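To start, the structure under review is shown below, and the notes come after it.
Numbering (our numbering), first residue to last: 738 to 1071.
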C-alpha cells in the first residue's frame, strides 16, 4: 500500500508539473504544437487521407476561434467603462501613418515582384486590428483591461474599413470591381470582428447566467487564443513549405517582420509614455490579430504575403512570453 501511495503521489507531481509547464508556457507550446502537427501530416504518407479530411474542418474553425476569443473578451467587460482615451487616438494615428507609409513604398516598388510581396507581407502585420487576446495579456502585465478592450473595438472598426479599402487597390488583378471587393471583404471582416461585440453586449444584458459562467473562467479567452495560435502556426508552416517564393525572400520576410515587431512595440510604448498608458499602448500597436491578418492575406493577396503575419505571430508571442515571465518573476518577489 505504501509503495502504491508513493507511485500515485509521484504520478500526481508529474501531472501537476506538466500542467504547470503548459500553463506557464502556453504560447510557445501552441507554436510548437501547430508546427509539429503540420509537419507530421506532411511527412507521414499514411496520414494523407486524414489530412485531406481535416483541411476543410480547420478552414471553418480557424476564423471560429478568432470569433470566440473576441466574444469571450467582450462578455467580460463593463460596457459603461468602454470610453475613448487620449492614447487610443495616438496609437490609431501611429497605425494609420505606418499603413500610409507602407502603401507608398508598395506603389514605389511596383515593378519588383519580390519587393512588392515583402512590403505586402509587412502591411498585413500593420493594418490588422489589435489582438483579441491583448486585454488578456494586458491584464497579466498589470494594465487596464477595460481601456484595452475599448481599443480592440476601435481598432477592429478601423481595420474593418481599412482592409477592404486598401486590398482591392493593391491587387486589382482579381477582376473584381473595387466597390464589389470592398463590400465582400467588409462583410467577412465584420462577421469576425463586429458580430462578437454585438453578441457580447446581448449576452451581458439578456443572458446573465451565461455571462457569469464565462466571466468565472478568467483564462478562457487566453486558451481559445492559444488554439487559434496553434492553427495559425500550422497554416504558416504550410504556406512556407508549399511556397514558390525563393528562400531569400522568405528569410527577408522573417527578418523584416522581426524588426517591424520591435518598431511597433517601441512606437506604441513611446506614444503610451507620452499619453500616460505605456503598457496598454505598447501592446495595442504591437500585438496584432495575426490569425485575421493571415486569413485576409491568404484570401485577398498573394499567399506568400500571409507568411509575414505568420512570422510576426512567432515574434510577438516570444515578446509576450518574455513580458509575462518578467511580470510573474516580479510578482513572485512580493
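All C-beta atoms, glycine included, are put in the ideal place defined by N, C-alpha and C.
In this text the structure is predicted, and so the values were computed from the model without any measurement.
Nonlocal neighbours in the same chain, by C-beta distance under 6 Å from residue i, ignoring five residues either side
{"i": "residue 937", "result": "808, 811 and 812"}
{"i": "residue 876", "result": "882"}
{"i": "residue 1040", "result": "976"}
{"i": "residue 778", "result": "784 and 788"}
Host alpha helix (DSSP H) of residue i (start-end)
{"i": "residue 948", "result": "945 to 952"}
{"i": "residue 895", "result": "882 to 907"}
{"i": "residue 875", "result": "871 to 877"}
{"i": "residue 981", "result": "It is not in any alpha helix (DSSP H) - residue 981 carries neither H nor E in the DSSP assignment."}
{"i": "residue 816", "result": "That residue, residue 816, is in no alpha helix (DSSP H); it is neither H nor E in DSSP."}
{"i": "residue 1036", "result": "1027 to 1037"}
{"i": "residue 1017", "result": "1015 to 1023"}
{"i": "residue 831", "result": "823 to 845"}
Close Cβ partners of residue i (< 8 Å) along its chain, the five nearest in sequence each way excluded
{"i": "residue 1024", "result": "867, 868, 870, 871, 874, 1053 and 1057"}
{"i": "residue 744", "result": "In this prediction, residue 744 scores a pLDDT of 46, lower than 50, which makes its location untrustworthy; the coordinate-derived value is nonetheless stated afterwards. Nothing meets the Cβ criterion."}
{"i": "residue 831", "result": "1004, 1005, 1008 and 1022"}
{"i": "residue 935", "result": "none"}
Own chain partners of residue i with C-beta closer than 7 Å, once the 5 adjacent residues on each side are dropped
{"i": "residue 862", "result": "994, 997, 1025, 1030, 1045, 1046 and 1049"}
{"i": "residue 753", "result": "Any answer about residue 753 is weak, because its pLDDT of 45 lies below 50 and its placement is not dependable; what the coordinates show is given next. Result list for residue 753: empty, nothing under 7 Å."}
{"i": "residue 975", "result": "775"}
{"i": "residue 839", "result": "856, 859, 860 and 863"}
{"i": "residue 756", "result": "Any reading at residue 756 must be qualified, since the residue scores a pLDDT of 46, below 50, and its modelled position is unreliable; the value itself is stated next. Correct list: empty, nothing qualifies."}
Whole-angstrom C-beta distance between residue j and residue i, which should lie under 8 Å
{"i": "residue 1018", "j": "residue 827", "result": "7 Å"}
Pair within 8 Å by beta-carbon distance, residue i and residue j
{"i": "residue 917", "j": "residue 1038", "result": "no"}
{"i": "residue 769", "j": "residue 1028", "result": "no"}
{"i": "residue 982", "j": "residue 854", "result": "yes"}
{"i": "residue 799", "j": "residue 921", "result": "no"}
{"i": "residue 919", "j": "residue 932", "result": "no"}
{"i": "residue 851", "j": "residue 986", "result": "yes"}
Residue i versus residue j - alpha carbon distance
{"i": "residue 841", "j": "residue 908", "result": "14 Å"}
{"i": "residue 845", "j": "residue 895", "result": "25 Å"}
{"i": "residue 1071", "j": "residue 864", "result": "Reliability of the predicted coordinates at residue 1071 is poor, the pLDDT of 47 falling under 50, and the value obtained from them is presented with this limitation in mind. Computed Cα separation, rounded: 39 Å."}
{"i": "residue 789", "j": "residue 796", "result": "12 Å"}
{"i": "residue 958", "j": "residue 791", "result": "24 Å"}
{"i": "residue 819", "j": "residue 793", "result": "37 Å"}
{"i": "residue 929", "j": "residue 784", "result": "31 Å"}
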